[in-house]
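Encoded as structure tokens, the structure appears first; notes follow it.
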Amino acid sequence: MTINLLLPLFTPFITALLCVLVWKHNRLQSWLTVGGMLAMLVFSFNLFTHVRSEGILVLQAGNWSAPFGITLAADMLSAIMVTLTALIGLTVGFYSIPSMDAKRKMFGFYPLFNFLIFGVSGAFVAGDIFNMYVWFEIMLMSSFVLLALGGAKRQLEGAIKYVTLNFISSAIFLAGVGIIYSLTGTLNFADLAGKVALVQEKGMVSLAAMFFLVSFGIKAAVFPLFFWLPASYHTPPVAVAAVFSGLLTKVGVYAMLRVFTLIFVLDTEFTHFIIMLISAFTMTVGVLGAAVQFDFRRILSFHIVSQIGYMVMGLAIFSPLALAGTVFYLMHHIIVKTNLFLISGIVHYLKGSFKLKYIGGIYRDYPWLAFLFLIPALSLAGLPPFSGFWAKFILIKASIEAELFWLMFIALGVSLLTLFSMTKIWNEVFWTNEPEFENDPEFYMNNPGPLWMLVLPVVALAGCTLFIGFFASPFYEIAVETANQLLDRDAYIQSILTTKQ
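Laid out in structure tokens, this is it:
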């Protein structure tokens, strides 16, 4: 039933419109957002169960059959990503109620937040490459305003870097769309998958592939296109940084998975070797950048870059097990990274700073917060029995099976350095005594609401991490099913091209 596809997609859109209608009532907007995200989570999980049991769900807009109309399609990967988007939207939306200041709420935080979720979700179900670009632009416009909202100098500096690089990414994306359309005469994913193989100019196909790799690489923040991320993600309020860290770069990873498992599969020795080198450098440079930082959010920002390398690693190896590792890693990392940013906000609530040298004594005064930090931190480092261990274990096993031992050693080394960074945060923020000298000169507080409202989303996400870690088997089965579906190109092509409305 196509309604199962439309409900999770348009719930945040309708919620955004309702928030605009009650523009002057911040409290009502906040609870409308939480209610909308909760409804979206229910609809998304229903979509996932439908796709898993019935197969790929396709909607041909306006009764135009593919490849002539606008196609929306949800396979296992799309359904997983939309469900995770709803989960992050719900937890961050609830977190924003006490943490977001009244000024930003007054200037449209909640409508923009919902439009961002709308754009992200749309990108995951786009059935043709041009409409994926359109969804990207909806996401970009919302994210840019959210990043700049408030007008602080640091925010504007970060927002300019963010939007400049993403505009360049969009221009490269459009150039790739133009090349691939000139070669095939179509932009529908399923139709492209069949027609690319018939193109005589194989060099032009490889050129188009590189255009998309660069464009999606910028959005995913891979090496050497990542520097905009650590320059911008530490500047906005924590709720904004958390939803950015959890979702936005994953849209780039998703797009890479879609086009390099479905369309550009004729010269994998070339394309996937380049992706493999990018993966290795992304892991290494990201974790080294984190190792030299002494600001809570900047450390986490560099770790986004580093962990993206693991996700791209699975695509580079391009085996069923490796792709399953990438899917598992996406499920794990979206939850863990969002949670770490939310915890940094609670630390700021308690101590008034994100700089490690101005923080200390959290373990003595708030042992429960130290415990909540350890769950995502150790999971990010890949220690058992947390979710990150299983994600990395699958990728390491896939690299061994592919006899890519050099890539395996890089992945293991990066994991150790990740543990070092998390240990540095633990030591400075939680274990050492509170510093006796004056507070951070950039100390500021937004007069947030009750502490329990900040803690509840963190507890929920920590519970998800523990659940995935202790009950990894069903999530591994889902990841394997998703990987097999990604590799079954004919099933995807037939589902879209034969669906009539």
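Numbering-wise, the sequence shown is residues 7 to 507 according to our numbering. Backbone N, C-alpha and C fix where the C-beta goes; we use that ideal spot for every residue, glycine too. This structure is a prediction, so every number in the text was calculated from the model and none was measured.
Item, Value
"For Thr438, three-class secondary structure by DSSP", "coil"
"Exposed unless 16 or more other CB atoms sit within 10 angstroms - verdict on Arg160", "exposed"
"Segment contact, 8 angstroms Cβ cut-off, at least three pairs: the stretch 242 to 253 with the stretch 342 to 362", "yes"
"Host beta strand (DSSP E) of Leu65 (start-end)", "Leu63 to Gln66"
"Ala79, enclosing alpha helix (DSSP H) - first and last residue", "Premise fails: Ala79 lies in the beta strand (DSSP E), Thr77 to Ala80, not in any alpha helix (DSSP H)."
"Where Asp494 falls: helix, strand or coil (DSSP)", "coil"
"Short CB-CB distance (under 9 angstroms) between Ile269 and chain D", "Here chain D cannot be found, since the structure has a single protein chain."
"Ala265, buried or exposed, once every other Cβ within 10 Å from all chains shown has been counted against 16", "The residue asked about is misnamed: residue 265 is Val in this sequence, not Ala. Classification for Val265: buried."
"6 angstroms Cβ shell around Phe379 - same chain, five flanking residues per side excluded", "Ile349"
"Ala199 in three-state terms, based on DSSP", "helix"
"Cβ neighbour criterion (16 or more within 10 Å) applied to Lys208", "exposed"
"Cβ-based neighbour list, Gln299, same chain, cut-off 7 angstroms, excluding 5 preceding and 5 following", "Ile305 and Phe308"
"C-alpha gap between Ile62 and Ala478, whole angstroms", "24 angstroms"
"Alpha-carbon spacing of Leu198 relative to Tyr316, whole angstroms", "28 angstroms"
"Span separating the alpha-carbon of Ile280 from that of Val318", "11 angstroms"
"Short Cβ contact (9 angstroms threshold) for Phe173 with Ala22", "no"
"Range of the contiguous alpha helix (DSSP H) that encloses Lys4", "Given a span of 7 to 507 for the chain in the structure shown, any question on residue 4 remains unanswerable."
"Contact set for Leu146: own chain, Cβ-Cβ below 6 angstroms, skip 5 residues either direction", "Asn172"
"Closest by C-alpha distance to Leu15, when choosing among Leu425, Phe124, Leu457 and Gln206", "Phe124"
"6 angstroms CB neighbourhood of Glu448 in its chain, flanking five on each side removed", "With a pLDDT of 48 at Glu448, under the threshold of 50, the modelled position of this residue cannot be trusted; read the value that follows with caution. No residues qualify anywhere along the chain."
"Pick from Glu407, Val259, Ser176 and Leu24 that is closest to Gly114, judged by C-alpha positions", "Leu24"
"Buried or exposed by the 16-neighbour rule on C-beta atoms within 10 Å, applied to Pro230", "exposed"
"Best match in Phe232, Leu204 and Leu189 for proximity to Met6 [C-alpha to C-alpha]", "Residue 6 lies beyond the stretch modelled for the chain, which goes from 7 to 507, so this question has no answer here."
"Burial state of Met112 (16 or more Cβ within 10 Å)", "exposed"
"Inter-residue CB distance, Phe232 and Gly292 (contact presumed, cutoff 8 angstroms)", "7 angstroms"
"Beta-ladder partner(s) of Lys167, from DSSP", "Answer is none; Lys167 lacks a bridge partner."
"Alpha carbon of Pro456 to alpha carbon of Ser221, nearest angstrom", "42 angstroms"
"The stretch 322 to 336 in contact with the stretch 462 to 469 per 3-pair CB rule at 8 angstroms", "no"
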